[in-house]
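Everything in the sequence shown is counted per the working numbering, starting at 679 for the first residue and increasing by one. Below: the structure, in structure tokens.
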Amino acid sequence: MSLQKHLKEVKTQNVKILNSLVKSELDKIFKSDYYGSKEQIFNEKVISENVFVKENCEMLYNESIEEWFLKIYDLTK
679 MSLQKHLKEV
689 KTQNVKILNS
699 LVKSELDKIF
709 KSDYYGSKEQ
719 IFNEKVISEN
729 VFVKENCEML
739 YNESIEEWFL
749 KIYDLTK
């Protein structure tokens with residue numbers, strides 16, 4: 679397998695993992711005891727560090743976490 683093909687597969691897998699994590703966070707974030715928890719904050723940091731997958735995934739000024747997660751989810755489908 680060539681290096682380019684391998685890197686393309688890794689990128690595809692990373693997009694799927696990021697999409698899965700964001701979907702999981704969207705499901706959990708609406709629980710009253712989850713938002714602001716250590717797990718939620720950790721996962722938010724992981725997501726923000728791995729949003730390099732697509733351009734325009736930065737969180738915008740005055741954008742809620744839910745809006746940002748939905749944007750990432752849509753871009754990583």
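By construction, the Cβ of each residue, glycine as well, lies at the ideal position given by its N, Cα and C atoms. Small disclaimer: the values here were computed from a predicted structure and weren't measured.
is_contact[residue i, chain B] using C-beta, thresh 9 angstroms
i           : result
residue 688 : The structure shown contains no chain B, having only a single protein chain.
Contact belief for residue i with residue j at Cβ below 8 angstroms, rounded distance in angstroms
i           : j           : result
residue 728 : residue 696 : 6 angstroms
Three-way DSSP call (helix, strand, coil) for residue i in this model
i           : result
residue 751 : helix
residue 711 : coil
residue 692 : helix
residue 738 : coil
Residue environment, residue i, which counts as buried when at least 16 other CB atoms sit within 10 Å
i           : result
residue 703 : buried
residue 641 : Residue 641 lies beyond the range of the chain shown here (679 to 755); nothing can be said about it.
6 angstroms CB neighbourhood of residue i in its chain, flanking five on each side removed
i           : result
residue 706 : 712
residue 737 : 746
Close beta carbons around residue i, own chain, < 8 angstroms, minus the five adjacent residues each side
i           : result
residue 725 : 696, 699, 700, 703, 747 and 750
Neighbourhood of residue i by C-beta, 7 angstroms cutoff - its chain only, sequence neighbours within 5 removed
i           : result
residue 716 : none
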